[in-house]
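Participant: Before we start, here is the structure in question, set down as C-alpha coordinates.
Numbering (our numbering), first residue to last: 1 to 200.
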(Lines of atoms letter the chains of each structure in order from A and count residues from 1; the text may use other names and numbers.)
(Lines give C-alpha, C1' and ligand atoms only; values in the text may rest on other atoms or scores of the structure.)
Protein backbone atom coordinates (compact mmCIF):
# COMPACT_ATOMS: atom_id res chain seq x y z
CA UNK A 1 0.00 0.00 0.00
CA UNK A 2 2.90 2.34 0.74
CA UNK A 3 4.23 1.85 -2.79
CA UNK A 4 1.10 3.27 -4.41
CA UNK A 5 1.42 6.75 -5.89
CA UNK A 6 -0.67 9.43 -4.23
CA UNK A 7 -2.86 11.42 -6.61
CA UNK A 8 -2.51 15.19 -6.53
CA UNK A 9 -5.91 16.87 -6.84
CA UNK A 10 -6.51 19.82 -9.12
CA UNK A 11 -5.69 22.94 -7.09
CA UNK A 12 -6.20 26.56 -7.94
CA UNK A 13 -5.72 29.69 -5.89
CA UNK A 14 -6.12 33.27 -7.09
CA UNK A 15 -4.35 34.59 -4.01
CA UNK A 16 -1.15 32.84 -3.02
CA UNK A 17 -1.55 34.00 0.59
CA UNK A 18 -4.81 32.09 0.96
CA UNK A 19 -4.86 28.38 1.71
CA UNK A 20 -5.03 26.14 -1.36
CA UNK A 21 -8.61 25.30 -2.18
CA UNK A 22 -9.34 21.93 -3.77
CA UNK A 23 -11.78 22.58 -6.57
CA UNK A 24 -14.77 20.38 -7.23
CA UNK A 25 -15.69 19.31 -10.77
CA UNK A 26 -17.81 22.37 -11.56
CA UNK A 27 -15.17 24.79 -10.28
CA UNK A 28 -12.50 22.99 -12.30
CA UNK A 29 -14.67 23.25 -15.40
CA UNK A 30 -15.24 26.97 -14.78
CA UNK A 31 -11.50 27.64 -14.37
CA UNK A 32 -10.60 25.72 -17.54
CA UNK A 33 -13.40 27.40 -19.51
CA UNK A 34 -12.21 30.82 -18.35
CA UNK A 35 -8.61 30.01 -19.34
CA UNK A 36 -9.79 28.66 -22.70
CA UNK A 37 -11.81 31.84 -23.40
CA UNK A 38 -8.86 34.05 -22.42
CA UNK A 39 -6.57 32.02 -24.67
CA UNK A 40 -9.02 32.18 -27.60
CA UNK A 41 -9.47 35.96 -27.29
CA UNK A 42 -5.73 36.64 -27.02
CA UNK A 43 -5.04 34.33 -29.99
CA UNK A 44 -7.67 36.20 -32.03
CA UNK A 45 -5.89 39.49 -31.26
CA UNK A 46 -2.51 37.99 -32.23
CA UNK A 47 -3.92 36.65 -35.51
CA UNK A 48 -5.45 40.03 -36.38
CA UNK A 49 -2.10 41.70 -35.66
CA UNK A 50 -0.29 39.18 -37.86
CA UNK A 51 -2.82 39.66 -40.67
CA UNK A 52 -2.38 43.43 -40.41
CA UNK A 53 1.42 43.10 -40.63
CA UNK A 54 1.15 40.81 -43.66
CA UNK A 55 -1.38 43.19 -45.26
CA UNK A 56 0.99 46.13 -44.75
CA UNK A 57 3.78 44.12 -46.35
CA UNK A 58 1.50 43.32 -49.31
CA UNK A 59 0.77 47.04 -49.70
CA UNK A 60 4.47 47.97 -49.62
CA UNK A 61 5.28 45.32 -52.20
CA UNK A 62 2.46 46.56 -54.46
CA UNK A 63 3.81 50.13 -54.19
CA UNK A 64 7.30 48.85 -54.98
CA UNK A 65 5.98 47.06 -58.08
CA UNK A 66 4.21 50.20 -59.33
CA UNK A 67 7.04 52.68 -58.68
CA UNK A 68 9.56 53.69 -61.30
CA UNK A 69 12.44 53.45 -60.63
CA UNK A 70 12.05 50.61 -58.18
CA UNK A 71 13.61 51.69 -54.90
CA UNK A 72 13.26 50.16 -51.48
CA UNK A 73 10.36 51.73 -49.54
CA UNK A 74 12.76 51.80 -46.58
CA UNK A 75 14.87 54.36 -48.48
CA UNK A 76 12.23 56.95 -47.51
CA UNK A 77 12.77 56.14 -43.83
CA UNK A 78 16.56 56.15 -44.16
CA UNK A 79 17.37 58.79 -46.82
CA UNK A 80 21.06 58.98 -45.85
CA UNK A 81 21.61 55.22 -46.14
CA UNK A 82 23.20 54.00 -49.37
CA UNK A 83 20.63 52.48 -51.71
CA UNK A 84 21.89 50.82 -54.88
CA UNK A 85 20.20 50.42 -58.24
CA UNK A 86 17.38 47.86 -58.30
CA UNK A 87 18.56 44.26 -58.28
CA UNK A 88 18.36 42.32 -61.53
CA UNK A 89 15.35 39.98 -61.63
CA UNK A 90 13.54 42.23 -59.14
CA UNK A 91 10.20 41.25 -60.69
CA UNK A 92 10.88 37.56 -60.08
CA UNK A 93 11.97 38.22 -56.49
CA UNK A 94 8.85 40.32 -55.98
CA UNK A 95 6.71 37.42 -57.19
CA UNK A 96 8.52 35.09 -54.78
CA UNK A 97 7.94 37.51 -51.88
CA UNK A 98 4.24 37.70 -52.79
CA UNK A 99 3.91 33.90 -52.84
CA UNK A 100 5.59 33.70 -49.42
CA UNK A 101 3.22 36.32 -48.01
CA UNK A 102 0.18 34.55 -49.48
CA UNK A 103 1.34 31.39 -47.73
CA UNK A 104 1.80 33.31 -44.46
CA UNK A 105 -1.67 34.83 -44.73
CA UNK A 106 -3.12 31.31 -45.11
CA UNK A 107 -1.13 30.15 -42.06
CA UNK A 108 -2.66 32.84 -39.84
CA UNK A 109 -6.22 31.97 -40.83
CA UNK A 110 -8.11 29.61 -38.50
CA UNK A 111 -7.94 25.95 -39.67
CA UNK A 112 -11.70 25.94 -40.30
CA UNK A 113 -11.65 29.11 -42.46
CA UNK A 114 -13.38 28.67 -45.83
CA UNK A 115 -10.42 30.12 -47.76
CA UNK A 116 -8.04 27.44 -46.47
CA UNK A 117 -10.51 24.74 -47.53
CA UNK A 118 -11.03 26.39 -50.93
CA UNK A 119 -7.28 26.44 -51.61
CA UNK A 120 -6.70 22.90 -50.36
CA UNK A 121 -9.59 21.39 -52.31
CA UNK A 122 -8.72 20.66 -55.91
CA UNK A 123 -9.16 18.01 -58.56
CA UNK A 124 -5.70 16.47 -58.08
CA UNK A 125 -5.32 13.14 -56.28
CA UNK A 126 -4.26 13.54 -52.62
CA UNK A 127 -0.68 12.37 -53.31
CA UNK A 128 -0.21 15.18 -55.88
CA UNK A 129 -1.84 18.01 -53.92
CA UNK A 130 0.52 20.80 -52.89
CA UNK A 131 0.81 21.21 -49.11
CA UNK A 132 -1.01 24.53 -48.72
CA UNK A 133 -0.20 26.37 -46.59
CA UNK A 134 3.45 25.36 -46.90
CA UNK A 135 5.42 24.44 -43.82
CA UNK A 136 9.06 23.74 -42.91
CA UNK A 137 11.57 23.35 -44.62
CA UNK A 138 10.25 25.16 -47.70
CA UNK A 139 9.15 28.21 -45.72
CA UNK A 140 12.62 28.52 -44.18
CA UNK A 141 14.53 28.36 -47.46
CA UNK A 142 12.36 30.50 -49.76
CA UNK A 143 12.48 33.73 -47.67
CA UNK A 144 16.31 33.56 -47.69
CA UNK A 145 16.62 33.65 -51.49
CA UNK A 146 16.02 37.39 -52.03
CA UNK A 147 18.18 38.82 -49.19
CA UNK A 148 21.07 36.44 -49.95
CA UNK A 149 20.86 37.40 -53.63
CA UNK A 150 20.88 41.11 -52.70
CA UNK A 151 23.89 40.56 -50.42
CA UNK A 152 25.80 38.71 -53.14
CA UNK A 153 25.18 41.62 -55.52
CA UNK A 154 26.62 44.05 -52.95
CA UNK A 155 23.38 45.94 -52.35
CA UNK A 156 23.16 48.45 -49.48
CA UNK A 157 21.74 47.41 -46.12
CA UNK A 158 18.45 49.22 -46.83
CA UNK A 159 17.91 47.06 -49.92
CA UNK A 160 18.92 43.88 -48.10
CA UNK A 161 16.50 44.80 -45.30
CA UNK A 162 13.75 45.36 -47.86
CA UNK A 163 14.28 41.94 -49.42
CA UNK A 164 14.35 40.40 -45.92
CA UNK A 165 10.78 41.46 -45.05
CA UNK A 166 9.23 38.13 -46.06
CA UNK A 167 11.82 36.27 -43.96
CA UNK A 168 11.22 38.53 -40.95
CA UNK A 169 7.46 38.04 -41.26
CA UNK A 170 7.97 34.28 -41.59
CA UNK A 171 9.94 34.27 -38.33
CA UNK A 172 7.34 36.36 -36.51
CA UNK A 173 4.46 34.16 -37.71
CA UNK A 174 6.36 30.96 -36.82
CA UNK A 175 7.07 32.18 -33.27
CA UNK A 176 3.47 33.37 -32.74
CA UNK A 177 1.99 30.09 -34.01
CA UNK A 178 4.42 28.15 -31.79
CA UNK A 179 3.28 30.12 -28.73
CA UNK A 180 -0.36 29.45 -29.59
CA UNK A 181 0.34 25.73 -30.00
CA UNK A 182 2.17 25.62 -26.64
CA UNK A 183 -0.84 27.30 -25.02
CA UNK A 184 -3.14 24.63 -26.49
CA UNK A 185 -0.86 21.89 -25.13
CA UNK A 186 -0.83 23.53 -21.68
CA UNK A 187 -4.64 23.66 -21.65
CA UNK A 188 -4.79 20.00 -22.71
CA UNK A 189 -2.45 19.10 -19.83
CA UNK A 190 -4.70 21.03 -17.46
CA UNK A 191 -7.68 19.04 -18.78
CA UNK A 192 -5.82 15.81 -17.94
CA UNK A 193 -5.26 17.04 -14.37
CA UNK A 194 -8.96 17.65 -14.07
CA UNK A 195 -9.76 14.07 -15.10
CA UNK A 196 -7.21 12.66 -12.64
CA UNK A 197 -8.78 14.71 -9.85
CA UNK A 198 -12.26 13.59 -10.84
CA UNK A 199 -11.26 9.93 -10.52
CA UNK A 200 -9.39 10.44 -7.25
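Note that CB positions come from ideal geometry on N, CA and C, so glycine has one too.
So, is residue 89 buried or exposed, given that buried needs 16 or more other C-beta atoms within 10 angstroms?
Facilitator: Along the chain shown, one-based indexing puts residue 89 at 89. By the neighbour-count rule (16 or more Cβ atoms within 10 Å), residue 89 is not buried but exposed.
Participant: For residue 147, report the span of its alpha helix (DSSP H) as first-last.
Facilitator: Within the chain shown, residue 147 is the residue found at index 147, counting from 1. First-last of the alpha helix (DSSP H) with residue 147: 138-152.
Participant: Hey, would you say residue 99 sits closer than 9 Å to residue 51, going by beta carbons?
Facilitator: Taking the chain shown and counting its residues from 1, one reaches residue 99 at position 99. Taking the chain shown and counting its residues from 1, one reaches residue 51 at position 51. It is not a contact, given that the beta carbons lie outside the stated cut-off.
Participant: Label residue 42 either buried or exposed according to how many other C-beta atoms from any shown protein chain fall within 10 Å of its C-beta, with 16 as the threshold for buried.
Facilitator: The residue labelled residue 42 in the question sits at position 42 within the chain shown. Classification for residue 42: exposed.
Participant: Got a sec, what are the start and stop residues for the alpha helix (DSSP H) residue 91 sits in?
Facilitator: Here residue 91 is taken as the residue at index 91 of the chain shown, counted from 1. Here the alpha helix (DSSP H) through residue 91 covers 90-107.
Participant: Quick one: what does DSSP say residue 80 is sitting in, helix, strand or coil?
Facilitator: Residue mapping note: residue 80 aligns to position 80 of the chain shown, counting from 1. If DSSP states are grouped into helix, strand and coil, residue 80 belongs with coil.
Participant: Would a C-beta distance cut-off of 9 Å place residue 104 and residue 169 closer than the cut-off?
Facilitator: Numbered from its first residue, the chain shown carries residue 104 at position 104. Numbered from its first residue, the chain shown carries residue 169 at position 169. It is a contact, given that the beta carbons lie within the stated cut-off.
Participant: With DSSP collapsed to three states, give me the class of residue 155.
Facilitator: Indexing the chain shown from 1 puts residue 155 at position 155. Under the three-state reduction of DSSP output, residue 155 falls in the coil class, being neither helix nor strand.
Participant: Rounded to the nearest angstrom, how far is the Cβ of residue 60 from that of residue 73, given a contact under 8 Å?
Facilitator: Walking along the chain shown from the start, residue 60 turns up at place 60. Walking along the chain shown from the start, residue 73 turns up at place 73. Contact holds; Cβ gap of about 5 Å.
Participant: Which class does residue 113 belong to by DSSP, given the choice of helix, strand or coil?
Facilitator: As a first step, residue 113 must be located in the chain shown, where it is residue number 113. Reduced to three states, the DSSP call for residue 113 is coil.
Participant: Of all the options 188, 85, 185, 180, which has the alpha carbon lying nearest to the alpha carbon of residue 201?
Facilitator: Nothing about residue 201 can be read from this structure; the chain reaches only from 1 to 200.
Participant: Buried or exposed: which applies to residue 112, given that a residue is buried once 16 or more other Cβ atoms fall within 10 Å of its Cβ?
Facilitator: Here residue 112 corresponds to residue number 112 of the chain shown, with the count starting at 1. Classification for residue 112: exposed.
Participant: For residue 62, is the classification buried or exposed, using 16 other Cβ atoms within 10 angstroms of its Cβ as the cut-off for buried?
Facilitator: Residue 62 sits at position 62 when you count from the first residue of the chain shown. Residue 62 is exposed by the Cβ-count criterion.
Participant: Classify residue 80 as buried or exposed, calling it buried when 16 or more other Cβ atoms lie within 10 Å of its own Cβ.
Facilitator: Looking up residue 80 in the chain shown gives position 80. Burial call: exposed.
Participant: Take residue 142 as the anchor and find which of 188, 157, 164 has the nearest alpha-carbon.
Facilitator: Your numbering for residue 142 matches position 142 in the chain shown. Measuring from the Cα of residue 142, the nearest candidate turns out to be 164.
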